[in-house]
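So the sequence shown is numbered by this note's numbering: it starts at 28 and just counts up by one.
C-beta: ideal position from N, C-alpha, C; glycine also.
Structure record follows, encoded as structure tokens.
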Amino acid sequence: MKGRLDGKYLIDAHNSVIAFYNTENFFDSHDNPNRNDDSFLPSFFRGWTQQRYYRKVDNISKVIKNMYGECPILVGMAEIENKWILKDLINTTHLRDANYDFVHYESDDERGIDVCCIYRKDFVQILEEEPIKIHFDFDVTDTTRDILYLKCNLKGNDVFHIFISHWPSRGEGQKETEPKRIVVAKKIRSRIDQIMAHDKDAKILVMGDFNDYPFDVSVTQHLGATDEQQTPLYNMAISLEKEGKGSYNHRGDWGMFDQMVISEGLRYHKRGYGVKDNEMYIFRPDWLMFKHRKFGDLPSKTYTGRKYIGGYSDHLPVYLILD
Numbered sequence: 028m029k030g031r032l033d034g035k036y037l038i039d040a041h042n043s044v045i046a047f048y049n050t051e052n053f054f055d056s057h058d059n060p061n062r063n064d065d066s067f068l069p070s071f072f073r074g075w076t077q078q079r080y081y082r083k084v085d086n087i088s089k090v091i092k093n094m095y096g097e098c099p100i101l102v103g104m105a106e107i108e109n110k111w112i113l114k115d116l117i118n119t120t121h122l123r124d125a126n127y128d129f130v131h132y133e134s135d136d137e138r139g140i141d142v143c144c145i146y147r148k149d150f151v152q153i154l155e156e157e158p159i160k161i162h163f164d165f166d167v168t169d170t171t172r173d174i175l176y177l178k179c180n181l182k183g184n185d186v187f188h189i190f191i192s193h194w195p196s197r198g199e200g201q202k203e204t205e206p207k208r209i210v211v212a213k214k215i216r217s218r219i220d221q222i223m224a225h226d227k228d229a230k231i232l233v234m235g236d237f238n239d240y241p242f243d244v245s246v247t248q249h250l251g252a253t254d255e256q257q258t259p260l261y262n263m264a265i266s267l268e269k270e271g272k273g274s275y276n277h278r279g280d281w282g283m284f285d286q287m288v289i290s291e292g293l294r295y296h297k298r299g300y301g302v303k304d305n306e307m308y309i310f311r312p313d314w315l316m317f318k319h320r321k322f323g324d325l326p327s328k329t330y331t332g333r334k335y336i337g338g339y340s341d342h343l344p345v346y347l348i349l350d
């Protein structure tokens, strides 16, 4: 199978990239009366105008274009308001030649921010897609993002199962909100167990902003992702966490909120594609950072407090390379 990139044909998807990026409050400038998006409207104190929106579109597309020197074949994303943003994104000058399409479902998140993906049609065929709803029996009034499940065929007849998620935030306290992240972790693990019951060698990738670190119980116990030799789910973020690196910085402390977890079938692949060196990477060029007077180098955000600085996101993107 052949794909086209910048006028050249590629035989397959080897050395291609799959990525995840929390794009931070990627809203358009129009009011959605059914969601709490008021803080990103022209009339609100942030002054989120159409001009600022289009700058954000260009910024995010620039990041995607430059990861590993070429456009990833699939990018999972978080904090996207709607499909119109994705249409604008994939039609920018940075991305239009990569032949992207997208998968997006409106979730019940009260702010209206969803998970989604863009994928290159020359390399990826979507076989199945499903937004997996999350409900909290102990807090029935709270709503959150869906988990996006994709069953994909990568060029060369190699089937991947991909879960893209953005776990509930720590806004009301880490311990207070932990049960909600555990619910999401259990839901993903349940679906993985169903897949592996039919195919123990299934190639499964879980990626997203977990709002927990790799050693928190939601990840280690309830998702069951570790760095042990024989673990069914291998968390590639752990090695980066141990090195003190991070995709997110909280008041000067780096950590791996954004994680990529792979099944044994992908880690020890007997056929088709695997993950190069079973490692994930953080995309951190100098132009994606800014110097904070107190905390040093931080991801260049769209706003610092109420001040507009026109950056990218408060998260750094993460990615893996297919081998």
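Residue pairing by DSSP places Y146 opposite L101, D128 in a beta bridge. Of the candidates R172, T258, I189, I189 places its Cα closest to the Cα of V102. The residue among G332, D124, T204 with its C-alpha nearest the C-alpha of D169 is T204. Taking the C-beta atoms as reference points, D341 is found nearer than 9 Å to E51. Taking a C-beta distance under 9 Å as the contact criterion, S245 and A224 do not qualify as a contact pair. Beta-carbon to beta-carbon, I140 and Y127 are separated by about 20 Å, too far to satisfy the 8 Å threshold. Close CB contacts of D239 within its chain, under the 6 Å cut and outside five residues either way in sequence, are with R208, S245, V246 (chain order). Judged by DSSP secondary structure, T120 falls outside any beta strand (DSSP E); it is assigned neither H nor E. Listed in chain order, the non-local C-beta contacts of K303 below 6 Å within the same chain comprise I348, D350, local neighbours out to five positions each way being set aside. For H277, the uninterrupted beta strand (DSSP E) run begins and ends at 275 to 277, by DSSP. By the criterion of at least three beta-carbon pairs nearer than 8 Å, the region 195 to 204 is not in contact with the region 215 to 223. Contact check for F310 against A105 fails: the beta carbons are separated by 9 Å or more. Distances from the alpha-carbon of N42 to those of P158, P259, G299, G292 put G299 closest. Contact check between the region 89 to 102 and the region 144 to 161: three or more CB pairs, one atom from each, fall below 8 Å, which counts as touching.
Here E270 carries a coil assignment [DSSP, helix/strand/coil]. DSSP places D55 in no beta strand (DSSP E); its state is neither H nor E.
Under the three-state reduction of DSSP output, A252 falls in the strand class. A distance below 9 Å separates the beta carbons of M283 and K272. Residue nearest to E133 within the set L122, E156, D173 is D173 (criterion: CA-CA distance). Following the DSSP letters along the chain, one finds V211 inside the alpha helix (DSSP H) bounded by residues 201 to 225.
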